[in-house]
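Everything on this sheet refers to the single structure shown next.
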Amino acid sequence: MDATEQRRRNRMVLLMIAGIPLMVVLASTWLWYFVVRGDLDLVGVLGTANKGNLVQPPRRLDTVALRREGGAPLHVAAAEPQWTMLVPLSGGRCGSACEHSLYLTRQIHVAMGKEFNRLRRYYVGDVPVADSVLTVQTLSDGGAAPASLADLLATEHRRLTPLTIDPEDFRVLFAEYIAAPDTWYLVDPAGWIMMSYTDDTSYRDVMADLKFLLKNSSE
1387 MDATEQRRRN
1397 RMVLLMIAGI
1407 PLMVVLASTW
1417 LWYFVVRGDL
1427 DLVGVLGTAN
1437 KGNLVQPPRR
1447 LDTVALRREG
1457 GAPLHVAAAE
1467 PQWTMLVPLS
1477 GGRCGSACEH
1487 SLYLTRQIHV
1497 AMGKEFNRLR
1507 RYYVGDVPVA
1517 DSVLTVQTLS
1527 DGGAAPASLA
1537 DLLATEHRRL
1547 TPLTIDPEDF
1557 RVLFAEYIAA
1567 PDTWYLVDPA
1577 GWIMMSYTDD
1587 TSYRDVMADL
1597 KFLLKNSSE
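In this text, residue positions in the sequence shown follow the numbering used here: the first is 1387, and each later residue adds one.
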């Protein structure tokens, strides 16, 4: 092979190497274009490793009026960015499903260890806590139930934030709960409801999801 042919081949190799990043950028741009347009469902095509059920499309908490006890508004976007486990309740009667979701999310929160402070818990009801009742006699940990839901939250769930929303907004945000009252939710640091869980999901699977999300999140 003469020197001219060798130089030609070397030049082609260099062009191919230089062209690979450009091809990747163009392919990524093409892919993103069709995902944004809704013509391509990457979740459906690739599948997911999460154990919870994806909420599609995600719903933002700040699209409704959230009120703390006493009536003060809460704006998730203005709060410290944290991943949130959210337990909903409609009708003001906290039975076995509600109490167990409160218990389960508390145990998961504690079990997260060093990641504890990157998580928080919300209780969201369409009836104020003061007007709600606890209908179980025995708690999930085997202890005797207190006299009211307010007492339960005050004694067993001190780090949980109770919130109230209007019934119409509740039905919009928590459609999965309306269908299955043992449903609770995971909310991302920006305030988007992005995953739901039921009693069918083990706490180990929930923790696996949380560890993956926290590992791959800056918040």
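From the three backbone atoms N, C-alpha and C, an ideal C-beta is built for every residue, glycine too.
All figures in this text were calculated on a predicted structure; none of them were measured in a lab.
> How big is the Cα-Cα spacing for Leu1535 and Tyr1509?
Replying inline: Numbered from its first residue, the sequence shown carries residue 1535 at position 149. Numbered from its first residue, the sequence shown carries residue 1509 at position 123. C-alpha separation (whole angstroms): 11 angstroms.
> Less than 7 angstroms between the CB of Lys1597 and some heavy atom of the ligand MN, yes or no?
Replying inline: Although the ligand MN was asked about, the structure shown includes no ligands whatsoever.
>> Using C-beta distances below 6 angstroms, list every residue in its chain close to Leu1475, excluding the 5 sequence neighbours before and after it, in chain order.
In response: For the purposes of this step, residue 1475 is taken as residue 89 along the sequence shown, with counting starting at 1. Only Cys1484, Gly1511 meet the Cβ criterion.
> First and last residue of the beta strand (DSSP E) that includes Val1441?
Replying inline: Here the question's residue 1441 lines up with position 55 in the sequence shown. Note, Val1441: beta strand (DSSP E), 1439 to 1446.
> In the DSSP assignment, what residue or residues form a beta bridge with Leu1452?
Replying inline: Start at 1 with the first residue of the sequence shown, and residue 1452 comes out as number 66. Answer by DSSP bridge pairing, in chain order: Leu1460.
>> For Met1581, tell me which candidate among His1461, Leu1460, Ala1458, Leu1472 has the shortest Cα-Cα distance.
In response: The residue labelled residue 1581 in the question sits at position 195 within the sequence shown. Checked all of His1461, Leu1460, Ala1458, Leu1472; the closest Cα to Met1581 is Leu1472.
> Between which two residues does the beta strand (DSSP E) carrying Pro1567 extend?
Replying inline: Reading the sequence shown from its first residue, position 181 is the one you call residue 1567. Taken as a continuous stretch (DSSP letters only), Pro1567 belongs to no beta strand (DSSP E), as it is neither H nor E.
>> Suppose you measure from the CA of Ala1533 to the CA of Leu1520; what does that come to, to the nearest Å?
In response: Position 147 of the sequence shown holds residue 1533. Position 134 of the sequence shown holds residue 1520. C-alpha separation (whole angstroms): 7 angstroms.
> Can at least three beta-carbon pairs, one atom from the region 1580 to 1595 and one from the region 1476 to 1496, be found at a separation below 8 angstroms?
Replying inline: yes
> Contact check, Arg1545 vs Arg1507 under 8 angstroms by CB: the rounded distance?
Replying inline: Numbered from its first residue, the sequence shown carries residue 1545 at position 159. Numbered from its first residue, the sequence shown carries residue 1507 at position 121. Contact flag correct, Cβ pair sits at about 7 angstroms.
>> For the beta strand (DSSP E) containing Pro1474, name the first residue and the last one.
In response: Translated into positions along the sequence shown, residue 1474 becomes position 88. Residue range 1469 to 1475 is occupied by the beta strand (DSSP E) that includes Pro1474.
> So which of Gly1477, Glu1466, Asp1568, Leu1559 has the shortest CA-CA distance to Asp1517?
Replying inline: Position 131 of the sequence shown, counted from the start, is the residue given in the question as residue 1517. With respect to the C-alpha of Asp1517, the residue from Gly1477, Glu1466, Asp1568, Leu1559 having the closest C-alpha is Gly1477.
>> Using DSSP's beta-bridge definition, name the partner residues of Pro1548.
In response: The residue you call residue 1548 lines up with position 162 of the sequence shown. Partner(s): Tyr1509.
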